[in-house]
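Asker: Throughout, my numbering is defined as the position within the sequence shown, counted from one, plus 552.
Where a beta carbon is used, it is the ideal one built from N, C-alpha and C, also for glycine.
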Amino acid sequence: QARASTATPAETLGSTGLIGFGVGFGGLAAAARGLSRRSRRRVVREAEDIAVSEKTKAGDVVPYFETLPPTIMKKEQLDLLLSTLPKDQWDNPPEDSALYALKC
């Protein structure tokens, strides 16, 4: 009768075969680890070679932005507008007031 072989890897390869398999697997694992370290070092070297733009002086901005005012209006002008209405109407000014035009 033919019996199905249920031999363990130790019986099939023998102890020298298992040791050889372990050595081979360890060598491949070490080689893969060394290659990944080498590629990481290469990435670090390439990152060092990346050119970084120089910081520009404060005056080196787009000319359009130099002509823009920093705010919509000066504080004195806003205080004048607010003084034309009672404080309870500041959130909802009448439509014919200048503050209404500013809020729109």
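#1: Given that a residue counts as buried once 16 or more other Cβ atoms are within 10 Å of its Cβ, and exposed if not, what is P645?
#2: How big is the Cα-Cα spacing for G586 and G578?
#3: Start and end of the alpha helix (DSSP H) containing S649?
#4: Do you know how far the Cα of L634 is from the Cα of E628?
#5: Please report how far the alpha carbon of W642 lies from the alpha carbon of Y616, in whole angstroms.
#6: Excluding the five sequence neighbours on either side, which residues of its own chain have a C-beta within less than 6 Å of the C-beta of A650, listed in chain order?
#7: Give me the Cα-Cα distance between L620 and L637, rounded to the nearest whole angstrom.
#8: Out of L580, A581, S567 and L654, point me to the one whose CA is closest to K626's CA.
#9: Within its chain, find whatever has a CB closer than 6 Å to the CB of T564; leave out the 5 residues flanking it on each side and keep chain order.
Answerer: On the basis of the data shown:
#1: Position 93 of the sequence shown holds residue 645. Its Cβ being crowded by 16 or more others within 10 Å, P645 is buried.
#2: Within the sequence shown, the letter at position 34 stands for residue 586. Within the sequence shown, the letter at position 26 stands for residue 578. Rounded to whole angstroms, G586 and G578 show a C-alpha spacing of 12 Å.
#3: One-based indexing of the sequence shown puts residue 649 at position 97. Judged by DSSP secondary structure, S649 falls outside any alpha helix (DSSP H); it is assigned neither H nor E.
#4: Numbered from its first residue, the sequence shown carries residue 628 at position 76. Numbered from its first residue, the sequence shown carries residue 634 at position 82. Going from the Cα of E628 to the Cα of L634 covers about 10 Å.
#5: Counting from one through the sequence shown, the residue named residue 642 turns up at place 90. Counting from one through the sequence shown, the residue named residue 616 turns up at place 64. Cα to Cα, the separation comes out at about 33 Å.
#6: Along the sequence shown, one-based indexing puts residue 650 at 98. By the criterion of a C-beta distance shorter than 6 Å, A650 is surrounded in its chain by L633, once the five residues flanking it on both sides are discounted.
#7: Residue 620 sits at position 68 when you count from the first residue of the sequence shown. Residue 637 sits at position 85 when you count from the first residue of the sequence shown. Here the alpha carbon of L620 sits roughly 29 Å from the alpha carbon of L637.
#8: The count along the sequence shown starts at 1 and reaches residue 626 at position 74. That would be L654, whose Cα lies nearest to the Cα of K626.
#9: Translated into the one-based positions of the sequence shown, residue 564 becomes position 12. Result list for T564: empty, nothing under 6 Å.
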